[in-house]
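Engineer: Everything in the sequence shown is counted per the numbering used here, starting at 4 for the first residue and increasing by one.
Built from N, CA and C at the ideal position, the CB exists for glycine as well.
Please read all numbers here as calculations on a predicted model, not as lab measurements.
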Amino acid sequence: MMGALSARQLIAAKDIYSSENTPICEEERRFCVLTANYEGSIVVILDIADSRTKELLTSYCIPVAYLQMFHHYHIELIQPLPSVPSGTRLYITIVRKASTIPRQQGFTFTGLEVLLRGMENPLKDPVGPLLAVARIVPDHESYGNAILMKSPWLAGINATAVKHPSLHQSFFDVPHHASQGHPQVSRVGIPQEQPVWDFSFLFQGRECATIFTAGSALVLEYYSITTVMNTVSWYIRSPLGFSVVPLDQGAYRTLMSENGGRGLRVDGLPVQGNNLRTITNTTPTVGLILRLIASERPDSILTATDAHHLPSLDVKSWASLQQQATNAINLEISSGPHRANMEKWTILPTQEGTAALPATHCEKE
Numbered sequence: 004m005m006g007a008l009s010a011r012q013l014i015a016a017k018d019i020y021s022s023e024n025t026p027i028c029e030e031e032r033r034f035c036v037l038t039a040n041y042e043g044s045i046v047v048i049l050d051i052a053d054s055r056t057k058e059l060l061t062s063y064c065i066p067v068a069y070l071q072m073f074h075h076y077h078i079e080l081i082q083p084l085p086s087v088p089s090g091t092r093l094y095i096t097i098v099r100k101a102s103t104i105p106r107q108q109g110f111t112f113t114g115l116e117v118l119l120r121g122m123e124n125p126l127k128d129p130v131g132p133l134l135a136v137a138r139i140v141p142d143h144e145s146y147g148n149a150i151l152m153k154s155p156w157l158a159g160i161n162a163t164a165v166k167h168p169s170l171h172q173s174f175f176d177v178p179h180h181a182s183q184g185h186p187q188v189s190r191v192g193i194p195q196e197q198p199v200w201d202f203s204f205l206f207q208g209r210e211c212a213t214i215f216t217a218g219s220a221l222v223l224e225y226y227s228i229t230t231v232m233n234t235v236s237w238y239i240r241s242p243l244g245f246s247v248v249p250l251d252q253g254a255y256r257t258l259m260s261e262n263g264g265r266g267l268r269v270d271g272l273p274v275q276g277n278n279l280r281t282i283t284n285t286t287p288t289v290g291l292i293l294r295l296i297a298s299e300r301p302d303s304i305l306t307a308t309d310a311h312h313l314p315s316l317d318v319k320s321w322a323s324l325q326q327q328a329t330n331a332i333n334l335e336i337s338s339g340p341h342r343a344n345m346e347k348w349t350i351l352p353t354q355e356g357t358a359a360l361p362a363t364h365c366e367k368e
């Protein structure tokens, strides 16, 4: 009988923020494994050791077969020890990826890629490194009223408790429906004075079921790492602000157009909420790139170096509308007359020339 295959890497974790006995490292590691002949026997082993003495403190094991493809699992690993009966706890996000992205029946694309670049101006009163949480919601008005406008705000991210050694596959079941989307968490944006993430989110499969419909939107929320961890648990709460990118039929046609196919650069996306200001006392803005992936085998992923070669989407006119979180957000980009109940996405010139795209419209319901 073949033994289990394990994937191991030595991580010299850099502690970016600590409270007593709770180091936060925010390290990211990738394992490339050929699973054709070993699908059911591959495990990821996480050994925690003291960096000075090399003493093994605890160990965790996760069977790869338990993980659904591309789903972001936020997990609380619990390992009881004689010295700690309640168990030591390790909080991780783990994603199992594949070389192909399955195409949903009837879809012309396989996924939506979002590269969150960073804050475009320095912050006035930095509050520590920032985490970004991204999700696609079917109705951003309802989500805003139910979640983002509440105090305290909740991120809707619950760490799934996985107890060792009694590991069971049911711990990793994924709900079919999620009114708050399936949130994805970035790595930490630093420096705190002007956070940069350059982090790519991929939405595919069931996450795209309601995309490009009336009310659908990409929501980005920003949290201080200093509030995420306490001496007891990892818990994302009280975001400092949020950004909204409506994803309607107009957005779809623009992203699927010839010039938008390589991706769209979104500049000046406002960060709503009153807790963050820039050094010039203005509303902070972030930059990002959106791209629809048409192929089941994409040959590249977005990187920060792509930004200057992509057409730009002007969102400055969103600012005043996005302050009214309970109202529908209009993308009013062209200067010509248009009917008040229609949305437009218009591509602006790039540094290499003008990307001439016809304005696309979509009736609002």
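For the alpha helix (DSSP H) containing G253, name the first residue and the last one.
Structural biologist: Position 250 of the sequence shown holds residue 253. First-last of the alpha helix (DSSP H) with G253: Q252 to M259.
Engineer: Tell me where the beta strand (DSSP E) around I97 begins and ends.
Structural biologist: Taking the first residue of the sequence shown as position 1, residue 97 is located at position 94. Its beta strand (DSSP E) spans residues V87 to V98.
Engineer: Give me, in chain order, the residues of the same chain whose beta-carbon lies closer than 6 Å to that of Y76; leave out the 5 immediate sequence neighbours on both sides.
Structural biologist: Numbered from its first residue, the sequence shown carries residue 76 at position 73. Within the same chain, Y76 has close Cβ partners I97.
Engineer: Which residues in the same chain have their Cβ closer than 7 Å to the Cβ of Y279, if we skip the five residues on either side of it in sequence?
Structural biologist: Residue mapping note: residue 279 aligns to position 276 of the sequence shown, counting from 1. A small fix is needed here, since residue 279 is Leu in this sequence, not Tyr. The answer, listed in chain order, is L126, L243, G244 and P287.
Engineer: Per the DSSP calculation, E79 is bridged to which residue(s)?
Structural biologist: As a working note, residue 79 is residue 76 in the sequence shown. Looking at the DSSP assignment, E79 forms a beta bridge with Y94 and A164.
Engineer: What's the call for C35, buried or exposed, on a 16-neighbour Cβ count within 10 Å?
Structural biologist: Residue mapping note: residue 35 aligns to position 32 of the sequence shown, counting from 1. So C35 counts as exposed.
Engineer: Report buried or exposed for A343, applying the criterion of at least 16 other Cβ atoms within 10 angstroms of its Cβ.
Structural biologist: For this step, residue 343 is matched to residue 340 along the sequence shown. Bear in mind that the predicted position of A343 carries a pLDDT of just 32, short of 50, making it unreliable; the figure below should be weighed with that in mind. Classification for A343: exposed.
Engineer: With a threshold of 7 Å on Cβ separation, who are the neighbours of T213 within its own chain once the five nearest residues in sequence on each side are excluded?
Structural biologist: As a first step, residue 213 must be located in the sequence shown, where it is residue number 210. Cβ within range, chain order: P141 and S219.
Engineer: Quick one: what's got a C-beta closer than 6 Å to P66's C-beta in the same chain, skipping five residues either side?
Structural biologist: As a working note, residue 66 is residue 63 in the sequence shown. Excluding sequence neighbours, P66 sits near V46.
Engineer: Apply the 10 Å Cβ neighbour rule to H185 and answer buried if 16 or more other Cβ atoms are within range, or exposed otherwise.
Structural biologist: Counting from one through the sequence shown, the residue named residue 185 turns up at place 182. The residue is buried, with at least 16 neighbouring Cβ atoms inside 10 Å.
Engineer: Opposite F245 in the DSSP bridges: which residues?
Structural biologist: The residue labelled residue 245 in the question sits at position 242 within the sequence shown. Partner(s): E224 and Q275.
Engineer: For Q108 and F175, I'd like the C-alpha separation in whole angstroms.
Structural biologist: For the purposes of this step, residue 108 is identified with residue 105 of the sequence shown, where counting begins at 1. For the purposes of this step, residue 175 is identified with residue 172 of the sequence shown, where counting begins at 1. Looking at the two C-alpha atoms, the distance is approximately 25 Å.
Engineer: Would DSSP call S145 helix, strand or coil?
Structural biologist: As a first step, residue 145 is located in the sequence shown; it is residue number 142 there, counting from the start. S145: helix per DSSP, three-state reduction.
Engineer: Buried or exposed for H143, please, with buried defined as at least 16 other CB atoms from any protein chain shown within 10 angstroms of its CB.
Structural biologist: Reading the sequence shown from its first residue, position 140 is the one you call residue 143. Buried, by the Cβ-count rule.
Engineer: Mind checking whether N369 and T229 have CB atoms under 8 Å apart?
Structural biologist: Here the chain comprises residues numbered 4 to 368, so residue 369 is not present and cannot be evaluated.
Engineer: What I want to know is whether the C-beta of E210 ends up closer than 7 Å to one or more non-hydrogen atoms of the ligand MG.
Structural biologist: In terms of ligand content, the structure shown is empty, and the ligand MG therefore cannot be addressed.
Engineer: Pick from V177, R256 and G121: whose alpha carbon is nearest that of D201?
Structural biologist: Within the sequence shown, residue 201 is the residue found at index 198, counting from 1. That would be G121, whose Cα lies nearest to the Cα of D201.
Engineer: So is P85 buried or exposed if we call it buried at 16+ other beta carbons inside 10 Å?
Structural biologist: Mapped onto the sequence shown, residue 85 falls at position 82. It is exposed - the Cβ of P85 has fewer than 16 other Cβ atoms within 10 Å.
Engineer: Apart from the five residues just before and just after T56, which ones in its own chain have a Cβ nearer than 8 Å to its Cβ?
Structural biologist: Here residue 56 refers to the residue found at position 53 of the sequence shown. Once the five neighbours on either side are set aside, T56 has no close Cβ partner at all.
Engineer: Use the C-beta contact count for V87: other C-beta atoms within 10 angstroms, 16 or more gives buried, fewer gives exposed.
Structural biologist: As a first step, residue 87 is located in the sequence shown; it is residue number 84 there, counting from the start. When all chains shown are included, V87 counts as exposed.
Engineer: Can you give me the Cβ contacts of L80 inside the same chain, cut-off strictly under 6 Å, excluding the 5 residues immediately before and after it?
Structural biologist: As a working mapping, residue 80 is identified with position 77 in the sequence shown. These residues qualify, in order along the chain: Y63, L93 and V165.
Engineer: Determine the burial state of P352: buried for a count of at least 16 other Cβ atoms within 10 Å of its Cβ, exposed for fewer.
Structural biologist: Within the sequence shown, the letter at position 349 stands for residue 352. Note that P352 scores 40 on pLDDT, short of 50, meaning its location in the model is unreliable; the coordinates nonetheless yield the value given after this. Exposed, since its Cβ has fewer than 16 Cβ neighbours within 10 Å.
Engineer: Could you name the residues of the same chain whose beta carbon sits closer than 6 Å to that of T90, not counting the 5 residues immediately before and after it, in chain order?
Structural biologist: By 1-based counting over the sequence shown, the position of residue 90 is 87. Thr is not the amino acid found at residue 90; the sequence shown has Gly there. So the qualifying residues of the chain are I81, Q82 and P83.
Engineer: Which residue comes first and which comes last in the beta strand (DSSP E) that contains L118?
Structural biologist: The residue labelled residue 118 in the question sits at position 115 within the sequence shown. First-last of the beta strand (DSSP E) with L118: G114 to M122.
Engineer: Is the segment 256-275 touching the segment 287-299 in the sense that three or more CB pairs, one from each, lie closer than 8 Å?
Structural biologist: Enough Cβ pairs lie closer than 8 Å, so yes.
Engineer: Which one of F112, S102, L59 and I160 has the shortest CA to CA distance from I95?
Structural biologist: Counting from one through the sequence shown, the residue named residue 95 turns up at place 92. Nearest C-alpha to I95: I160.
Engineer: Classify D251 as buried or exposed, calling it buried when 16 or more other Cβ atoms lie within 10 Å of its own Cβ.
Structural biologist: In the sequence shown, residue 251 corresponds to position 248, counting from 1. Buried, since its Cβ has 16 or more Cβ neighbours within 10 Å.
Engineer: Roughly how many whole angstroms lie between the Cα atoms of L258 and I48?
Structural biologist: What you label residue 258 is simply residue 255 of the sequence shown in a count that begins at 1. What you label residue 48 is simply residue 45 of the sequence shown in a count that begins at 1. L258 and I48: Cα-Cα distance of roughly 40 Å.
Engineer: If we count the other Cβ atoms within 10 Å of its Cβ and call it buried at 16 or more, is A254 buried or exposed?
Structural biologist: In the sequence shown, counting from the first residue as 1, residue 254 sits at position 251. Buried: at least 16 other Cβ atoms inside 10 Å.
Engineer: In the DSSP assignment, find the beta strand (DSSP E) that holds S62 and state where it starts and stops.
Structural biologist: Here residue 62 corresponds to residue number 59 of the sequence shown, with the count starting at 1. Counting along the chain, the beta strand (DSSP E) containing S62 begins and ends at L59 to P66.
Engineer: Within 10 angstroms of the Cβ of L59, are there 16 or more other Cβ atoms? Answer buried if so, exposed if not.
Structural biologist: Numbered from its first residue, the sequence shown carries residue 59 at position 56. L59 comes out exposed.
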